[in-house]
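One gets the numbering used here by counting positions in the sequence shown from 1 and adding 83 to each. Built from N, CA and C at the ideal position, the CB exists for glycine as well. Quick caveat: nothing in here was measured; it's all calculated off a predicted structure. Below is one structure, written out as structure tokens, with a few remarks after it.
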Amino acid sequence: MPINLMNVQVSKLALAVFLAAAILLGSSEMEAQAQLRPIGSKLVKKRGQKVIPAAAAGAASPARSPAPTQAPPVSVVNLAEPDYLSGEARVTVNPKQPTVIRLGLAQNAVSIVEFPASDGIYYIHEGNPKLASVFHSPTKETDRSITIYPGESFLPSRDGGAASAISLQMRSGLVLILELIPVAELRKNAHRCVVTYDRDAVISARRTAGLAYDLGGEGGSPVPMNSRAVSKLVSGVPQLEPSPVGTQPENGPSISSVYADVPGSKPVRVKGADKRRTEVEISALANKRLAESIKEPLKHLAPWSKPDHGLELAVSRVTELDPETRLVVVGVRNVTTANLRLVPGSPELQVQTSDSGGNGIQTTRIDPQYVESTTLEGLVQAGSIAYYALVYKAPILGINQNIRVLVAHREAADAPITWNIGDRKN
């Protein structure tokens, strides 16, 4: 009996030790696991939801993310860059590679393209003047820039059919291609484009390639007296056999002509009119008078004539340049909704002989010595004005003779518009 009781006590003691050891071991294990578990990695699990780590949930939760910065008023994402220039641009030309410059051109805007001061424009070729045209200023032979105007039909299209091109060749020989892309928004217009290059490098490259260079001479030769400024040839080049001004084809289409009398007041004498002028001086005076008339037509031109076959004329007072040379500025306004093209040699100066009743019985053409114009090949766009400066040798007039201006275009029946100068002492 004592032995059994002793065995029971030993068993109870062993069980107590075992339970104590088990409890101690379990507590140590839990502490170790608690130390190994990183803070913030507690798992959150709810019925019907996925198990998401707290750190990931905090990154995805808007409540725990910092407040986003306010977006700008205008924000465009993934905007495709346009393939044309707009605003103010600068292009550097490699003389050894062909250069094509794409410019955006909007309605109610112009684009000014500037070139280096060491070079000048030799030739201009317009792809389609009805879509885009170049304004030739009275001083274009010394200008180092061009101004491009859009035509009324120069509008954006899906197929790009309205695009146009203008080719230029500089006096150095460099050829530039200006591709004009119609744009709908004014902010996409290429308001100004500066083209830069090394003129000497261009000449060297063309000399190596066996091409012509230094066209028209280093500074350009003087403008010949019989040259017409409406030609696309910008640099003055002597002509061996200039064609008579006003010559018309024998079998040409019907021509509508408009006549105008030059005002009969006393000619305006310029300073130094007592001595003969050189060709350079005459060209400079013609450019000056033309620029003045363009800037202030109401001051320098007589009132406009009544519309006749779509044209109106206004003529300035005669300017006495020297004892033999006179100058008159003629404005031709197109009052139609379509473009009109003047015939070659128009405007034309004529001496009209009248009978005692004032009826014209004979006319004789006066060959101008020099002509400056603001248009190319006689194109007068709808609603626009073309200006001409005509320099001529003063003829000796009789009592029944006066000088008149004739303007003719091809888009109507044969009915000329005239303007009589009327001054017999000019």
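Exercise. With a 10 Å radius around its C-beta and 16 neighbouring C-beta atoms as the bar for buried, classify I207 as buried or exposed.
Key: Along the sequence shown, read from residue 1 onward, the residue named residue 207 stands at position 124. It is buried - the Cβ of I207 has at least 16 other Cβ atoms within 10 Å.
Quiz item: Could you give the uninterrupted runs of the alpha helix (DSSP H) lying entirely in the stretch 201–248, keeping only those of 4 residues or more?
Solution: The qualifying runs do not exist here; there are none.
Quiz item: By the 10 Å Cβ neighbour count, where 16 or more other Cβ atoms means buried, how is V183 classified, buried or exposed?
Solution: As a first step, residue 183 is located in the sequence shown; it is residue number 100 there, counting from the start. Its Cβ having fewer than 16 others within 10 Å, V183 is exposed.
Quiz item: K213 and G187 look like a contact to me (Cβ under 8 angstroms); what is the Cβ gap, rounded to whole Å?
Solution: Here residue 213 is taken as the residue at index 130 of the sequence shown, counted from 1. Here residue 187 is taken as the residue at index 104 of the sequence shown, counted from 1. Their Cβ separation, rounded to whole angstroms, is 19 angstroms, which puts K213 and G187 out of contact at 8 angstroms.
Practice problem: State the Cα-Cα distance for the pair T419 and A491, rounded to the nearest angstrom. | Solution: The residue given as residue 419 occupies position 336 in the sequence shown. The residue given as residue 491 occupies position 408 in the sequence shown. Cα-Cα distance, rounded: 15 angstroms.
Quiz item: Among the residues of its own chain, which have a CB less than 6 angstroms from the CB of E197, if the five just before and after it don't count?
Solution: The sequence position of residue 197 within the sequence shown is 114, counting from 1. Contacts found: S228 and V277.
Quiz prompt | Beta-carbon separation (whole angstroms), V193 vs I249, contact threshold 8 angstroms | solution = As a working mapping, residue 193 is identified with position 110 in the sequence shown. As a working mapping, residue 249 is identified with position 166 in the sequence shown. That pair is no contact at about 13 angstroms.
Quiz item: Around the C-beta of A292, are 16 or more other C-beta atoms found within 10 angstroms, so that it is buried, or is it exposed?
Solution: Sequence index remark: in the sequence shown, residue 292 carries index 209 (1-based). Exposed, by the Cβ-count rule.
Exercise. Would you list the one or two residues that DSSP bridges to R185?
Key: Here residue 185 refers to the residue found at position 102 of the sequence shown. Under DSSP, the beta-bridge partners assigned to R185 are E262.
Self-check item: Rounded separation between L294 and R282 - CA only
Solution: By one-based count along the sequence shown, residue 294 stands at place 211. By one-based count along the sequence shown, residue 282 stands at place 199. One C-alpha to the other measures close to 15 angstroms.
Quiz item: Residues in its own chain within less than 6 angstroms of R441 by CB, not counting five upstream and five downstream?
Solution: Numbered from its first residue, the sequence shown carries residue 441 at position 358. The displayed chain sequence assigns Gly, not Arg, to residue 441. So the list is empty, once near-sequence residues are dropped.
Quiz prompt | Option in E364, R493, D297 and K354 with minimal Cα separation from R254 | solution = Locating residue 254 in the sequence shown gives position 171, counting from the first residue. Taking only the C-alpha atoms, the option nearest R254 is D297.
Quiz item: Leaving out five residues before and five after A414 in sequence, what residues of the same chain have Cβ atoms less than 6 angstroms from its Cβ?
Solution: Taking the sequence shown and counting its residues from 1, the one referred to as residue 414 is at position 331. Here residue 414 turns out to be Gly, not Ala, going by the sequence shown. Correct list, in chain order: L384, A397, I468 and Y470.
Quiz prompt | G170 versus L489, T436, D357 and K271, residue with shortest Cα-Cα distance | solution = Counted from its first residue, the sequence shown places residue 170 at position 87. Residue K271 is the option with its Cα nearest to G170.
Exercise. Tell me whether H492 sits in a helix, a strand or coil according to DSSP, three-state version.
Key: Sequence index remark: in the sequence shown, residue 492 carries index 409 (1-based). In the structure shown, H492 sits in a strand (DSSP, three-state: E or B).
Quiz item: Which value, in whole angstroms, describes the spacing of the CA atoms of A288 and Q180?
Solution: Within the sequence shown, residue 288 is the residue found at index 205, counting from 1. Within the sequence shown, residue 180 is the residue found at index 97, counting from 1. A288 and Q180: Cα-Cα distance of roughly 10 angstroms.
Exercise. Determine the contact status of V488 and N422, defining contact as a CB-CB distance below 8 angstroms.
Key: Here residue 488 corresponds to residue number 405 of the sequence shown, with the count starting at 1. Here residue 422 corresponds to residue number 339 of the sequence shown, with the count starting at 1. Against a cut-off of 8 angstroms, the Cβ pair of N422 and V488 comes out as no contact.
Quiz item: Cα-Cα, which of Q484, Y453, T457 and N503 is closest to V363?
Solution: Walking along the sequence shown from the start, residue 363 turns up at place 280. For the residues Q484, Y453, T457 and N503, the minimum Cα distance to V363 belongs to Y453.
Quiz item: Looking only at its own chain, which residues have a Cβ that is under 7 angstroms from the Cβ of Y475, when we skip the five neighbours before and after it?
Solution: What you label residue 475 is simply residue 392 of the sequence shown in a count that begins at 1. Answer for Y475: R409, L432, I449, P451 and Q452, listed in chain order.
Quiz prompt | Nearest neighbour of I377, chosen from V412, R275, V401 and R185 [CA to CA] | solution = Here residue 377 refers to the residue found at position 294 of the sequence shown. Residue V412 is the option with its Cα nearest to I377.
Exercise. Go ahead and pull the three-state DSSP assignment for A105.
Key: Translated into positions along the sequence shown, residue 105 becomes position 22. Note: A105 maps to helix in three-state DSSP.
Practice problem: Identify whether I286 lies in helix, strand or coil by the three-state DSSP scheme. | Solution: Mapped onto the sequence shown, residue 286 falls at position 203. Note: I286 maps to helix in three-state DSSP.
Exercise. Tell me where the beta strand (DSSP E) around K476 begins and ends.
Key: Against the sequence shown, residue 476 aligns to sequence position 393. Counting along the chain, the beta strand (DSSP E) containing K476 begins and ends at I468 to K476.
Quiz item: Which class does A292 belong to by DSSP, given the choice of helix, strand or coil?
Solution: As a working mapping, residue 292 is identified with position 209 in the sequence shown. DSSP places A292 in the helix class (H, G or I) of the three-state scheme.
Self-check item: Residue span of the beta strand (DSSP E) that contains R409, given as start and end
Solution: As a working mapping, residue 409 is identified with position 326 in the sequence shown. In this chain, the beta strand (DSSP E) harbouring R409 covers T408 to N417.
Exercise. Indicate the three-state DSSP secondary structure (helix, strand or coil) for A385 in the structure shown.
Key: Along the sequence shown, one-based indexing puts residue 385 at 302. Looking at A385 - three-state DSSP - the assignment turns out to be coil, as it is neither helix nor strand.
Self-check item: Alpha-carbon spacing of G443 relative to A477, whole angstroms
Solution: Residue numbering aside, residue 443 sits at position 360 when the sequence shown is read from its first letter. Residue numbering aside, residue 477 sits at position 394 when the sequence shown is read from its first letter. When rounded, the distance between both Cα atoms is 20 angstroms.
Quiz prompt | Cβ separation of G461 and R400, assumed to be a contact under 8 angstroms, to the nearest whole Å | solution = Mapped onto the sequence shown, residue 461 falls at position 378. Mapped onto the sequence shown, residue 400 falls at position 317. No, G461 and R400 are not in contact; Cβ-Cβ is about 24 angstroms, not under 8 angstroms.
Quiz item: Count the other CB atoms within 10 Å of the CB of R416; is the residue buried (16 or more) or exposed (fewer)?
Solution: Position 333 of the sequence shown, counted from the first residue, corresponds to residue 416. R416 counts as buried, since no fewer than 16 other beta carbons sit within 10 angstroms of its beta carbon.
Quiz item: By how many angstroms is the C-alpha of G256 removed from the C-alpha of V285?
Solution: For the purposes of this step, residue 285 is taken as residue 202 along the sequence shown, with counting starting at 1. For the purposes of this step, residue 256 is taken as residue 173 along the sequence shown, with counting starting at 1. Going by the C-alpha atoms only, they are around 7 angstroms apart.
Practice problem: Output the distance between the C-alpha atoms of T436 and T446, rounded to the nearest integer angstrom. | Solution: Taking the sequence shown and counting its residues from 1, one reaches residue 436 at position 353. Taking the sequence shown and counting its residues from 1, one reaches residue 446 at position 363. Going by the C-alpha atoms only, they are around 6 angstroms apart.
Self-check item: Rounded separation between V320 and A172 - CA only
Solution: In the sequence shown, residue 320 corresponds to position 237, counting from 1. In the sequence shown, residue 172 corresponds to position 89, counting from 1. Because the pLDDT at V320 is just 39, under 50, the model does not fix this residue reliably, and the value given afterwards should be weighed accordingly. Straight-line Cα distance between these residues: approximately 33 angstroms.
Practice problem: Would you please state the rounded distance, in angstroms, between the beta carbons of V434 and T402? I believe it to be under 8 angstroms. | Solution: Here residue 434 is taken as the residue at index 351 of the sequence shown, counted from 1. Here residue 402 is taken as the residue at index 319 of the sequence shown, counted from 1. T402 and V434 do not touch by the CB rule: their CB atoms are close to 19 angstroms apart, not below 8 angstroms.
Quiz item: So is S240 buried or exposed if we call it buried at 16+ other beta carbons inside 10 Å?
Solution: Counted from its first residue, the sequence shown places residue 240 at position 157. The residue is exposed, with fewer than 16 neighbouring Cβ atoms inside 10 Å.
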